[in-house]
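Protein chains in written order, with the numbering used here: chain P, 7 to 302; chain S, 7 to 302; chain B, 7 to 302; chain Z, 7 to 302.
Idealized CB from N, CA, C, for every residue including glycine.
There are 4 protein chains.
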Amino acid sequence: MESDIAAADRRYILTLGCPDETGIVARIAGFLADAGAWITEAAYHSDADSNWFFTRQAVRADSVAGSIDELRARFATMAADQFHPNTEWRLTDSGTPKRVVVLVSRESHCLIDLLGRAERGEFPGEIAAVIGNHVSLGELTERFGVPFHLVPFDDPQVSRSAAFDRVAAIVDAHEPDAVVLARFMQILPPHLCEQWSRRAINIHHSFLPSFVGARPYHQAFARGVKLIGATCHYVTAELDAGPIIEQDVIRVDHSDHVADMVRQGRDIETMVLARGVRWHLEDRVLVHGGKTVVFD
Amino acid sequence: MESDIAAADRRYILTLGCPDETGIVARIAGFLADAGAWITEAAYHSDADSNWFFTRQAVRADSVAGSIDELRARFATMAADQFHPNTEWRLTDSGTPKRVVVLVSRESHCLIDLLGRAERGEFPGEIAAVIGNHVSLGELTERFGVPFHLVPFDDPQVSRSAAFDRVAAIVDAHEPDAVVLARFMQILPPHLCEQWSRRAINIHHSFLPSFVGARPYHQAFARGVKLIGATCHYVTAELDAGPIIEQDVIRVDHSDHVADMVRQGRDIETMVLARGVRWHLEDRVLVHGGKTVVFD
Amino acid sequence: MESDIAAADRRYILTLGCPDETGIVARIAGFLADAGAWITEAAYHSDADSNWFFTRQAVRADSVAGSIDELRARFATMAADQFHPNTEWRLTDSGTPKRVVVLVSRESHCLIDLLGRAERGEFPGEIAAVIGNHVSLGELTERFGVPFHLVPFDDPQVSRSAAFDRVAAIVDAHEPDAVVLARFMQILPPHLCEQWSRRAINIHHSFLPSFVGARPYHQAFARGVKLIGATCHYVTAELDAGPIIEQDVIRVDHSDHVADMVRQGRDIETMVLARGVRWHLEDRVLVHGGKTVVFD
Amino acid sequence: MESDIAAADRRYILTLGCPDETGIVARIAGFLADAGAWITEAAYHSDADSNWFFTRQAVRADSVAGSIDELRARFATMAADQFHPNTEWRLTDSGTPKRVVVLVSRESHCLIDLLGRAERGEFPGEIAAVIGNHVSLGELTERFGVPFHLVPFDDPQVSRSAAFDRVAAIVDAHEPDAVVLARFMQILPPHLCEQWSRRAINIHHSFLPSFVGARPYHQAFARGVKLIGATCHYVTAELDAGPIIEQDVIRVDHSDHVADMVRQGRDIETMVLARGVRWHLEDRVLVHGGKTVVFD
């Protein structure tokens, strides 16, 4: 499927991580220059702590002769020859829309925001399906022309494990680039964390690592913090401990009860998740050693 | 001692906390109206959770006939008659400068900021003395005309307990309104936490409750958070768990190593501590049940 | 029409502004105490510059014997006797839902956010109608069960003045508590600014007073500012000069072109407008002398 | 003069701006790879609007054989051959401390902050001298061991022009890398704006372009804005219109009178100026077409 973005706006995006050494930038820049590529964005990061090198380069698709597959093949040949075997790289085409599946429960704020952004073309992709463990958000989803799948988790006839099998079947049928847990309120089993590694994105309603787990606004109220926050992170088997993509906070004071925090927190959750999802879909997030590099 | 603030700017400040019930506002407002008091600031808070009522009122000193002692006596009589026995209240005079003792170690950023603010009259008070457990900040302190007391904590001849006795003796000689731990790096013993309860103010270099204890910027770097913060709180016997007065954060990203976080964190520590100290000295902070109400 | 909020959550809200003098707080507090009113929120402000006093009090509706009309009548009697003739006051019932009419053009982000908030009950009111000068947002509006009225401004058969007459007729038929210009892109004629004074709320996509008028993001890009913002304000006859209710900003840098500013700006516009509308509907905004007092 | 930074922390810093075209990154990266340079930071920006390319590269000094002068000569040869004649570039050595002259009037907050940062080594340089148009800050300056020069602007015997000649003589004697106007309150004459172009840095106490000129906090109070700010910018002949390096804001509300804004504004001015000065001294700020690119 080809998107309808203008030719001048279409990009090939190279992301790469490898052990740091002298000359990497020159090799990549030389390769792109040889391909005639017009670089519109280039970002680099060397992490002295882990001695790891990261880069993201965006080039105009129409500046490169030949297909992206040919470019990918040439880069693979060069990388095999000149880069460390542990190197990880991807070359993607912004003209190929990404697919997103969203998992929800009863809270509508993140879902409606994502549906609105997708509808007005803010993401380089589309929401292929929404899966809910309650019926509450079905009608809202369908108003936006997106299919809704109900998978109850409180049906005594269906085990939790079987319910997750159904979720996985629906998700995997879409081969999504992102599985977004938009206040899903169910903890993914370890095998799905593994299977959707670096693709499953959660929004947690606290400024992690504070207030892991349930009812973070109640925890925040009890502690008397002066700011509340939200954290967008990749899902890993350890609860609320995956690589953090984005965080933000909002000021509260003594006059804010838990219900006020919940209401104000929704706005932060919505914004933080939207930024995290966009960066992920634009291939701006690289992961290494439990942390992210975000080239925003 | 009388300060030199203009008569029109001098305030009597009433702070009060008590079990909530109907009519409290009317009783206080009636009392002040009878005294002819011109209210310049009035703030109220009812905490539904603890059923506790809080207020802070500032009145022009020159609008009240008679001395503050007479006003205090009249309020005491009224309160004994009309308020719950658990009521806590204070009536202070902004024309009486507050006294502050600052405890430091080697880091200069908070100290120099506090000395500068005190010198230009930003606080309603003065820094009476600085106590350091290293000699490093002695010369800086004395440049500002403030006495510096060296109390080493690494002298094999002097026990930690004896060192704290010396600190306490110096502090208590000043009868300070605030004991400010400006990156003191020593944990107060429980009896001093108790003795200086609601007067000892610490700055912790993380967004609590994240990263309690030592080396919080190292912890933040390891976790890969996208914001770092600082927390100003009253000191209690439980480490980094006292009532929070103020917090703030600053954005960091993957390019910020620990040393960058330390540098940027200094600015947040400095600002957060300065706000907390000012609010405390202006009688804007009320404490109840491990949390603060800040009428800023 | 009665709303379905729980009896314990229903409030009578008194807002009052008058020339400042000693004893006002006592008179109001005394009045409320006599009525048996349980005050849940009380905020005061004395503006020394204009010598004006402002207050907002929220009391539990179920703590007051008799109807709100009786309470209003008693307050009117007291106020006539004891308050300055220039005093402005209102007594409203949070159990009476507010009505909002939204004016839009082609941009969906503010509208969808307002529709979502209204649907999940975040506002004490409902969106009674949406008026658009383009057809673009009609279908979106109707998905949320809200009537949409198309009033074109580019029809050569219909003068601009006649188009505004149609808008006004639709608006006024709803007797709305707020007329929200959610990126309406048309300048209200002076007589409507006057007619909807303190009810017409606009979102301007800059941090006013910077970048008044058209294409503020282009102006911001050309100037090279490091933050962009949005401003929610009451509409007055002078363009973008009405009393400011709320503002906020977001950081941009050299890598953000105009299109990036437009995208990021949408999020700020959305949040700032939502806060402004909520505060207005909750009777938290008082206006005096071209400025607002917001008791949030 | 050589600084005492550790060899491993010493950097050669290349900054370059030129008309954008394909292959620039490759040429620079190739050059650095040939020199054996270990790149620790690399940042690029292509501005589509002006078709201008910007880069900043930091390399470990100890990774390059030969002196910086040799490297500079080789780069000049390559650039003359391979880069557009309008290219602007610099190659600096972080081991050569920068020199700063600070111009002040009566307000101490920015000055004391800069003196403190310089003293604790936060800037890659030193404050060589302070020039004041009042005597007020002389004693403070000298406490930090920095020479203070009094140049009065209110002496009827000395014309404004003659006073500026004296200022210029003192400044130029130090050949400073930065001339910092830390609330100097005097408008530089055009010939000094020209002479110190891209070196004279001002802090303006508003969020420009709002509230140009005198008494911006009074203007902000009168307009009723909900945020106040500060702007650090290069000085140009047009008042408060030079390229913006950094800006920030702080929230205010109706309870903040002008004096409160002045007090809170000081903190923002201090932080914004400190960031701007540090970025400038670290060669992180490139200027083109009235705007800055800041590689922070």
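- Segment contact: the region 279-287 of chain S against the region 108-125 of chain S, three or more CB-CB distances shorter than 8 angstroms; contact assigned.
- Per DSSP, reduced to three states, the secondary structure at Arg62(P) is strand.
- If you check the CB distance, Val70(B) and Ala35(B) do not come in under 8 angstroms.
- Any Cβ of chain Z closer than 8 angstroms to the Cβ of Gly72(P) would place that residue at the interface, and such an atom is absent.
- Taking C-alpha positions only, Gly144(P) is separated from Val108(P) by approximately 12 angstroms.
- The three-state secondary structure of Phe37(Z), taken from DSSP, is helix.
- For the 8 angstroms CB-CB criterion, Lys104(Z) and Ala48(Z) do not form a contact.
- Collapsing the DSSP output to three states places Asp178(B) in a helix.
- The beta-bridge partner set that DSSP reports for Pro130(S) is empty.
- Two segments are said to touch when three or more pairs of C-beta atoms, one from each, lie closer than 8 angstroms; by this definition the region 146-153 of chain B does not touch the region 248-256 of chain B.
- Taking 8 angstroms as the cut-off, the beta carbon of Val299(P) is found no closer than this to the beta carbon of His115(P).
- Here the region 12-28 of chain Z makes contact with the region 77-97 of chain Z; the two share three or more CB pairs at distances below 8 angstroms.
- Not flagged as an interface residue toward chain P: Tyr18(Z), since no C-beta distance is shorter than 8 angstroms.
- Assigned with DSSP and collapsed to three states, Arg105(Z) falls in strand.
- A Cβ-Cβ separation of about 19 angstroms leaves Gln270(Z) out of contact with Lys232(B) under the 8 angstroms criterion.
- In this structure, the beta-carbon distance from Val264(Z) to Phe227(Z) falls below 8 angstroms.
- Asn139(P) and Pro158(P) have their C-alpha atoms roughly 5 angstroms apart.
- Against chain S, the CB of Ile11(B) has no partner CB under 8 angstroms away; the residue lies outside that interface.
- With respect to chain S, the C-beta atom of Thr93(B) has no partner C-beta closer than 8 angstroms.
- For a Cβ distance threshold of 8 angstroms, residue set Asp273, Met277 of chain P lies close to Met277(B), ordered along the chain.
- The DSSP assignment places complete beta strand (DSSP E) segments of no fewer than 3 residues inside the region 178-239 of chain Z at 184-187, 206-210, in order along the chain.
- Here the alpha carbon of Thr83(P) sits roughly 10 angstroms from the alpha carbon of Phe89(P).
- At a cut-off of 8 angstroms between beta-carbon atoms, Gly219(S) makes no contact with chain P.
- By the criterion of a C-beta distance shorter than 7 angstroms, Asn92(Z) is surrounded in its chain by Cys24, Pro25, once the five residues flanking it on both sides are discounted.
- Interface flag for Ala54(Z) against chain B is set, since a Cβ pair is found closer than 8 angstroms.
- Around the beta carbon of Arg166(P), fewer than 16 other beta carbons lie within 10 angstroms, which makes this residue exposed.
- With its beta carbon at least 8 angstroms from every one in chain B, Thr21(S) lies outside the interface.
- When secondary structure is reduced to three states using DSSP, Ser69(Z) falls in the helix class.
- For Leu233(Z), the nearest beta carbon of chain P is not closer than 8 angstroms to its own beta carbon.
- Under DSSP, Cys24(S) takes part in a beta bridge, and its partners are Phe59(S).
- Residue Ile137(S) holds the alpha-carbon nearest to the alpha-carbon of Ala175(S) among Thr61(S), Ile137(S), Gly219(S), Ala54(S).
- Proximity to Pro130(B) across Ile207(B), Glu113(B), Asp99(B) peaks at Asp99(B), based on C-alpha coordinates.
- Less than 8 angstroms divides the Cβ of Ala39(B) from the Cβ of Thr28(S).
- Residues of the same chain with a CB within less than 6 angstroms of the CB of Ile30(P), apart from the 5 flanking positions on each side, are Phe59 in chain order.
- When 9 angstroms is used as the limit between beta carbons, Ile251(Z) is near no residue of chain S, the shortest such separation being about 17 angstroms.
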